[in-house]
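Structure first, commentary second.
Residue numbers (this note's numbering), protein chains in the order written: chain U, 1 to 332; chain H, 333 to 476; chain X, 477 to 753; chain R, 754 to 1095.
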């Protein structure tokens, strides 16, 4: 259950629209089902009251939309940012991807967003309604008479289980209480993989990446992937590929994509959220983040505007590429 | 029965200013290093982007080595410092994906270090030969 | 399996002649390796030419079906495949498949009618096969008018053929125009749409248009203004194509596939399509 | 009609696998199911819907079309096709079976696609009636009966038994091979099962969705609608909907230079991609709105126009559950259809 309610957000949006601070609102629009929300632009109170929603399934990170939508709105655009979204927001500002003057950012607290796939793993397919009630959600299916009570904490999306920060690093206005940066366990999975033998790791990734259908959802949703023309779409790049023709191309796409966002990835987790095949793409990004933290000092992309990412920086005494494999031994 | 001895294919990206000259010196001094090492000259070691490395593997390389000026000696002042960071991150990622770490290497070889160049290549080829063919980052379509 | 037909698998072709028409257009003569024509076609139809490793693209067949020895393609240099072709020499093998698309209705609608062909730039390429077809069966058609314009004299395609053959045919009037005055040019100067209006044709004709989209747009308006019915005007479209047989979905506009239902459309048919071409 | 106890289902699979490859939905770690090749020990998933549709079996994501060898000015064209091997796809839902009809009309029409055709001839489809339709299901909208699935063999699964009925010659032959494992029975239990499914169908949230507003000849009604802007405004332009869709069939043909020849292959393509219609001289669909519109217009208007009113959607619900922004054909139909009815 979120601490802030739909009504509060609508009220805020309506008042900002009314006093002319903003001319449109980027928010979540309700869909066919209680768990189904679509990002949308709202222009007035009627639209907000009719379709705006805020619940445990509003995971979409709006930051990337600001690139295209700030050009579409005449005045300022109101955007609601969860703590993790604010990091992407800052990172995009660092890269001069949108005009800060055209955005009015309202920070909203987030108690973690639920993953519908996890809900379905508990209560099965055929959800007819979800009612939010305190820490629990009551999920009614077409097949059971009584609703199944599910604790939101049990169905949190992976990125929320390992939430890295409840603190907003960018906003014009904050609703609710400010949180803290969390000492999360987000690198545990990475460490687990690192502890495996190369053969086991290879088998793990082979299994995961072989499911890739190259729909490009991870790329298109990623707030760090903002190239006008992706190298993989450009026939003149010589590496264009549209499909995972074999295991090499599957790997190449994901390695290169992760590398391209390395140092700029804020670990917002959108890539894993949207993957239709549930490939744990965040494990690739987190590996880079973890490595760079260890090699070059703690760094959180988007923590401040204007930070210099590790891969576009250097010191005279950096670790040698040949030494990165043996860290485990030398640390001991 | 004749057994074909396995010979790996090694791609060596050598920076124009130091390592390529180092390779030259190795040749001039008649120092032996395996013919399986195919040298690609690049203006600076930081010209090598991760795609080059992956594409070399795709096209049949069994090992990829990047040679540049010693840190501090870059012709363009700082190119090799970036190489150092990028390749550290990339190689660590390849290792994470289960690709044998012995197949990738970065070495700093100056124009005067013909002997080091030859020794490095001999050692690298030996290590890769021991690993055998690159199976984990191969593109079967490119195999004859 | 190899006894199943597969249209996607092409035939071999050989370039036997390369003619430089204009600074950016060359005409290629193509036959099969044993010196024959690759397949029969109808005027206005297209073929897929490809160079392995470079790509495959659709080109209209410029030569008339009445030519039974070879096919010709007039190709403007503008993309990967065309760039490559422009560097090709005589003897170069390429692959060819087709014919694709629907032809101009030369044997029914056009029969007995006066014809007006209007082309701009490389737009003459698809019309040349119709014009030569109609010239070959001269007695089946009425008067033929050809309006052709280009940027400059050097950019006029098939200039020799136009001057030496078409202009000398009885009942064929050729009206040439170039965009800007040029030394050594004593013909008309001006854009094609305006020239068509100036010439002021009788509306008892079937008109066939081909050229850059902007030329088609204004010429069409001009023709309608002087009283032509859209049902008497034909044009050809071009969109990106991959398969050539209406399966890959690329050239889909409305319920039509340009490769299969086109490239030749009657202008009133075009009005029914969404404006996405 | 023949039946067999579910206890013996693995014997059935083993028997089928003796003579041809057998594919069936298998549970994956993440709770979803995917088609896998059966081998001893493989467990048939209870989940009906697979993330990837079974169109892969006939129209795989990538396939080599031919090879070329070049030397100097000469080219050698190598036909690499080989006849498909016999295979059985087990456990296909009614909606997915219907999608094969839709694909057939594209690939088996004039200029038959031999790659698709060969697989189609060698594949046997065993469909299974739905046991637990999901809230995202709307196959009824397109006249599909999930309790009466088509295919070479139709099957019905209860808690304890599975029932088979052959619909075609190919199905008959396969069922004959299973004669020792199955026994003849009447349709009582199956009819009960059908009634159960139909009862659920009437409770589905999307049961009232209909196609009345759509169909051939309606291009002008919808094409210039201002609603497309709103519907497509947050579309990411990824290919998820297209790639999980059982009826999307657009493809691209590409050349890959292997260093010792050129492979010409084809792969799925998506009309949602920005370079889908890009040509040397420009692009006729410049914005995501146009691409988005193309996808839905094709399914709801263009395809029916060319195919006797048959829609190019089977209501499988994959795009509904997989779209990153949860925009889908149902929302398009409701919005567009609603606007027409107003």
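Positions of the beta carbon are idealized from the N, C-alpha and C atoms, including for glycine.
As the structure is a computational prediction, the values presented were derived from the model and not from experiment.
Ranked by how close their Cα comes to the Cα of residue 688(X), the residues 537(X), 650(X), 504(X), 597(X) have 597(X) in first place. Boundaries of the alpha helix (DSSP H) around residue 639(X): 635-640. Of all residues in the stretch 138-162 of chain U, the ones placed with a Cβ closer than 7 Å to any Cβ belonging to chain R are 142, 143, in chain order.
Using a Cβ-Cβ cut-off of 8 Å, residue 1002(R) counts as an interface residue toward chain X, since at least one Cβ of chain X sits closer than that to its own. Here the stretch 111-119 of chain U lies against the stretch 148-156 of chain U, with 3 or more beta-carbon pairs under 8 Å apart.
Your pair residue 517(X) and residue 574(X) checks out as a contact, with CB atoms roughly 7 Å apart and the cut at 8 Å. If you ignore the 5 residues before and after residue 1088(R), its C-beta comes within less than 7 Å of the C-beta of 980, 984, all in its own chain and listed in chain order.
With the rule of 3 Cβ pairs closer than 8 Å, the stretch 186-200 of chain U does not count as touching the stretch 14-33 of chain U.
For residue 7(U), the enclosing alpha helix (DSSP H) begins and ends at 6-18. One finds nothing in chain R with a Cβ atom closer than 7 Å to the Cβ of residue 49(U); even the nearest lies about 17 Å away. Proximity to residue 430(H) across 220(U), 9(U), 205(U) peaks at 205(U), based on C-alpha coordinates.
In the DSSP assignment, residue 139(U) is bridged to 130(U), 148(U). Taken in chain order, the unbroken stretches of beta strand (DSSP E) that lie wholly in the stretch 981-1045 of chain R and span 3 residues or more are 1004-1010, 1015-1021. Per DSSP, residue 440(H) is not a residue of any alpha helix (DSSP H); the beta strand (DSSP E) it occupies stretches across 436-440. Between residue 915(R) and residue 60(U), the CB-CB gap reaches or exceeds 8 Å. In this chain, the beta strand (DSSP E) harbouring residue 487(X) covers 487-498. Inter-residue distance for residue 457(H) and residue 396(H) is about 10 Å (C-alpha atoms, whole angstroms). For the pair residue 676(X) and residue 666(X), the Cα-to-Cα distance works out to about 15 Å. Against chain H, the beta carbon of residue 895(R) has no neighbour under 9 Å; the closest one sits roughly 39 Å away. Residue 307(U) is not a Cβ neighbour of residue 38(U), given a cutoff of 8 Å. If the five residues before and after residue 422(H) are omitted, its C-beta is found closer than 7 Å to the C-beta atoms of 382, 385, all from its own chain and listed in chain order. When CB distances to chain U are screened at a threshold of 7 Å, the residues of the stretch 983-1000 of chain R falling below it are 986, 987, 989, 990, 991, 992, 993, 996, 997, in chain order.
Residue 1009(R) reaches chain H at 473, counting residues in chain order whose Cβ is nearer than 7 Å. Neighbourhood of residue 391(H) in chain R, by CB distance below 7 Å: 1012, in chain order. In this model, residue 302(U) and residue 165(U) are separated by some 12 Å (Cα to Cα).
Taking residue 292(U) as the centre and dropping the five residues before and after it, the same chain places the C-beta of 262, 263, 299, 310, 311 closer than 8 Å to its C-beta, in chain order.
Unbroken alpha helix (DSSP H) runs of no fewer than 4 residues, entirely contained in the stretch 726-751 of chain X, are found at 743-748, following chain order. Chain-ordered, the chain H residues with CB closer than 7 Å to the CB of residue 201(U) read 428, 429, 430. Take the alpha-carbon of residue 839(R) and the one of residue 922(R): they are about 14 Å apart.
Straight-line spacing of the CA atoms in residue 972(R) and residue 751(X) works out to 11 Å. Residues of chain U with a Cβ closer than 9 Å to the Cβ of residue 423(H) are, in chain order, 321, 322, 324, 325. Counting only Cβ-Cβ distances below 8 Å, residue 1006(R) has no contacts in chain H at all, with the closest Cβ about 16 Å away.
Residue 553(X) and residue 643(X) have their C-alpha atoms spaced approximately 28 Å apart. Closest in alpha carbon position to residue 654(X), among 670(X), 640(X), 646(X), is 670(X). If only uninterrupted alpha helix (DSSP H) runs of at least 4 residues are considered, those enclosed by the stretch 265-302 of chain U are 270-274, 282-296.
Chain-ordered, the chain U residues with CB closer than 8 Å to the CB of residue 1020(R) read 242, 243, 245.
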